[in-house]
Each structure stands twice: as C-alpha cells, then as structure tokens.
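Visitor:
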Amino acid sequence: MRRIEIVLGDITRERVDAIVNAANSSLLGGGGVDGAIHRAGGPAILEECRRLRATSHPNGVHTGEAVATRAGRLPARWVIHAVGPVWPGPGPEADERRKLLANAYRNSIDLAAELGATSVAMPAISAGIYGWPADDTAVVALDAATEAERAPALVRFVLFSARMHDEFHEAADRLGLDVA
Ligand code: ADP
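Residue numbering for the sequence shown follows the UniProt record's numbering, starting at 1 and increasing by one per position.
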C-alpha cells in the first residue's frame, strides 16, 4: 500500500530513507534546494557527485534522469539527484518537456525503490529557478507518485512555501487522490 503525503517544510530535515534533489545536469552544485542540500549535508555529497562525473557520468545527468549518492550529514541515507527541464513558456515545447518532468519524478521514485528505500521525500522539481508553473508541476508530481510501478511505501512531497503546499493539495483534490 503506497501512502502519499503533502507537507510544508525543509527537505534537508526529513527523516526518510531518501530525499530527492532538484539538481542540474552538471551535478556540481546550484542554488535553491540543491544549494540547501549541499550546505546541510556537507562536502561528502559533492565529492561523490564529482566521482560520478569522473566515472559513470562524464557528461553529467540528462534531463529527466536521476542518480543517487549517499547523504553526508543529512538524516536521510541517500540523495537522489534528479534533473528536471527548464520551463520553455507555453506551447508545443512545453508539452515535450512535460514528459521529461514526469520522467524526473518517475525515475527518482523508481531509483528510491531500487535502493530499498521505504520512504522518499521529494521537492517540487523544476518549480524554482527552472520556472515551471506550480500547479502543473504538482499534477505531474502526483501523477508520477500514483502511477509509478514500484515505489517506496511512503512518498512525501515536502514543499518549501505555503503557496506551493496549497498548489499540491489543490492538485490532489482535482485528481481525487487520498493524501495525508
Ligand atoms: P529547479 O532548478 O528545479 O527549479 P529549485 O531548487 O530552484 O529547482 O526549486 C525547486 C523547488 O524547491 C522550489 O519550489 C523551491 O522553493 C524549493 N526549495 C528550495 N529550498 C528547499 C528546501 N530546503 N526544501 C524543500 N524545497 C525547497
């Protein structure tokens, strides 16, 4: 039985098995939630990201994909670095990139399950610096969480602002989801 939660909070404080980072494709640091995760988790996370770049991911992580590292000093065991698309503005390009946003959520949830995580906390991917409309990322996120074939027993969306928290609850209502 999969449980979906929507809470207001700072994802770096989550006591779950895995947290998801809205990373950029270089894996080498950014602002927003990425900056907060690296600050709170300490240098071990960036060191591991650099190792991934030097070995399995010389060109970084493609948009829509996700990779895992350990979580340094964070309470979580893993950080899953997912790369969402930049919002291109309304139009056909947005429809294409929306699939990549869905992939970013889906691949993160799938990777958490593959690692053996029983709980995963996720931010609103692409909804900050990358400019994706909040109501749309909420629908894409909740669809991914409900439709993922394999997922941790708990998928918790941790939203950093009251507005984003409301958007996720409104999207859940529109989708008729039973969320806590
Ligand atoms: P992107 O580049 O994918 O847009 P951002 O990090 O800029 O990523 O923003 C993604 C979302 O994460 C935004 O809604 C932002 O408010 C939120 N965010 C920023 N810091 C935190 C945090 N500590 N915990 C949870 N969410 C956060």
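C-beta: ideal position from N, C-alpha, C; glycine also.
Predicted model only: the values in this text are computed from it and were never measured.
If you reduce the DSSP assignment to three classes, tell me which class Ser26 lands in.
Guide: Looking at Ser26 - three-state DSSP - the assignment turns out to be coil, as it is neither helix nor strand.
Visitor: Quick check: is any heavy atom of the ligand ADP less than 7 Å from the C-beta of Met1?
Guide: Flag unset: Cβ of Met1 not near the ligand ADP.
Visitor: Do Leu101 and Gly116 count as a contact pair if the criterion is CB distance below 8 Å?
Guide: In this structure, Leu101 does not lie closer than 8 Å to Gly116 by Cβ.
Visitor: Three or more C-beta pairs under 8 Å: does that hold for the segment 68-85 against the segment 38-53?
Guide: The segment 68-85, when compared against the segment 38-53, does touch it at the 8 Å Cβ threshold.
Visitor: Confirm the yes/no value for this check: CB of Ile11, any heavy atom of the ligand ADP, distance under 7 Å.
Guide: Because some heavy atom of the ligand ADP lies under 7 Å away, the Cβ of Ile11 counts as near it: yes.
Visitor: Whose CA, out of Thr146, Met1, Arg15, Gly35, lies closest to the CA of Arg106?
Guide: Among Thr146, Met1, Arg15, Gly35, the Cα nearest to that of Arg106 is on Thr146.
Visitor: For Glu167, count neighbouring C-beta atoms within 10 Å of its own C-beta (all shown protein chains included) and say buried if the count is 16 or more, exposed if not.
Guide: It counts as buried.
Visitor: Under 6 Å Cβ to Cβ from Ile4, same chain only, skipping five residues before and after it: list those, please.
Guide: Only Ala145, Val155, Val179 meet the Cβ criterion.
Visitor: Note down the Cα distance separating Ala113 from Ser26, rounded to an integer number of angstroms.
Guide: Rounded to the nearest angstrom, the two C-alpha atoms are 24 Å apart.
Visitor: Ser108 by DSSP, collapsed to three states: which one?
Guide: Looking at Ser108 - three-state DSSP - the assignment turns out to be helix.
Visitor: Cβ atoms of Ala82 and Ile125: under 8 Å apart, would you say?
Guide: Result yes, Cβ atoms of Ile125 and Ala82 sit closer than 8 Å.
Visitor: Assuming Glu14 and Ala76 are in contact, meaning their beta carbons sit under 8 Å apart, how far apart are those beta carbons, in whole angstroms?
Guide: Sure, about 6 Å apart at Cβ, within 8 Å.
Visitor: Closer than 7 Å to a non-hydrogen atom of the ligand ADP - does that hold for the CB of Ser119?
Guide: No, the beta carbon of Ser119 sits no closer than 7 Å to any heavy atom of the ligand ADP.
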